[in-house]
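Trainee: In my numbering, the protein residues as written are 10 to 230. Heads up, the beta-carbon is just placed ideally off N, CA and C, and yes, glycines get one too. Treat the numbers as computed from the prediction; the structure is a model and nothing was measured.
1) Please report the straight-line C-alpha distance between residue 152 and residue 174, rounded to a whole angstrom.
2) Can you name the start and end residues of the beta strand (DSSP E) that residue 83 belongs to?
3) Based on Cα-Cα distance, which residue from 165, 103 and 93 lies nearest to residue 131?
4) One question on the structure: do residue 45 and residue 18 come within less than 8 Å of each other, judged by their Cβ atoms?
5) Quick one: is residue 109 buried, meaning 16 or more other Cβ sit within 10 Å of its Cβ, or exposed?
6) Buried or exposed for residue 57, going by 16 or more other Cβ atoms inside 10 Å?
7) Going by DSSP in three states, residue 223 sits in which element: helix, strand or coil?
8) Runs of 3 residues minimum, wholly inside the segment 108 to 141: which ones carry the beta strand (DSSP E) assignment?
9) Tell me where the alpha helix (DSSP H) around residue 54 begins and ends.
10) Mapping the DSSP letters down to three states, classify residue 13 as helix, strand or coil.
11) Are there three or more Cβ pairs, one per stretch, closer than 8 Å when the segment 66 to 73 is compared with the segment 16 to 34?
12) Which runs of the alpha helix (DSSP H) fall wholly inside the segment 187 to 224 and span at least 4 residues, in chain order?
13) Out of curiosity, what's the CA-to-CA distance linking residue 186 and residue 168?
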């Protein structure tokens, strides 16, 4: 049994972090065939870049499919190593990456590696504006089994971060950020995911006046 991934050209916001609820399903399986020079190059050359320790599926492991998608089928036991390898490929070529067996979009195609993103069940080596709303939704879905948090950390300095924690009892979000090792973390409470997204986007973009419309308090560490 193979473990399947799909590299894809992004069309923008995929609508969901789960493939089965995203238009990506239509693109992979039902759309009129279309491709790009990047995907064609990967289709012919990707197997030659296969890292040691990864075994691809025996039957057509790499093939173009659907609308600007590239299937990569690997050995089930090598799924984690293959995901790590394809993550690097996707970042290098500005592609999205889907894990078909887990019904999850791992990369959305607009990742900026100036920051990394982490939840209790997910790590990405880049910040995705397309993916942020959908990752927050996944945080909410998993609140009964996982710690419902999301953290964005500057890759160059992990003392620069912004993070949010959903508080089920209060039905609100705690947002905290820190501006470096010499500063004190600041926290505020917001009501909606939209508020969280706005703060995280402004922080990541270095927006002038970030958080000026909020009341912040020192956070004990």
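Mentor: On the basis of the coordinates in this document:
1) Take the alpha-carbon of residue 152 and the one of residue 174: they are about 10 Å apart.
2) Counting along the chain, the beta strand (DSSP E) containing residue 83 begins and ends at 78 to 84.
3) For the set 165, 103 and 93, the Cα lying nearest the Cα of residue 131 is the one of 93.
4) Their beta carbons are under 8 Å apart, which means residue 45 touches residue 18 by this criterion.
5) Buried is the call here.
6) Classification for residue 57: exposed.
7) DSSP places residue 223 in the coil class of the three-state scheme, outside both helix and strand.
8) If only complete runs of 3 or more residues are kept, the segment 108 to 141 shows the beta strand (DSSP E) at 113 to 117 and 124 to 128, in order along the chain.
9) Unbroken alpha helix (DSSP H) run through residue 54: 46 to 54.
10) Residue 13 carries a strand assignment under DSSP once its states are collapsed to helix, strand and coil.
11) By the Cβ test, the segment 66 to 73 is not in contact with the segment 16 to 34, since fewer than three Cβ pairs between them sit closer than 8 Å.
12) Taken in chain order, the whole alpha helix (DSSP H) runs of length 4 or more contained in the segment 187 to 224 are 202 to 214.
13) Rounded to the nearest whole angstrom, the CA to CA distance from residue 186 to residue 168 is 9 Å.
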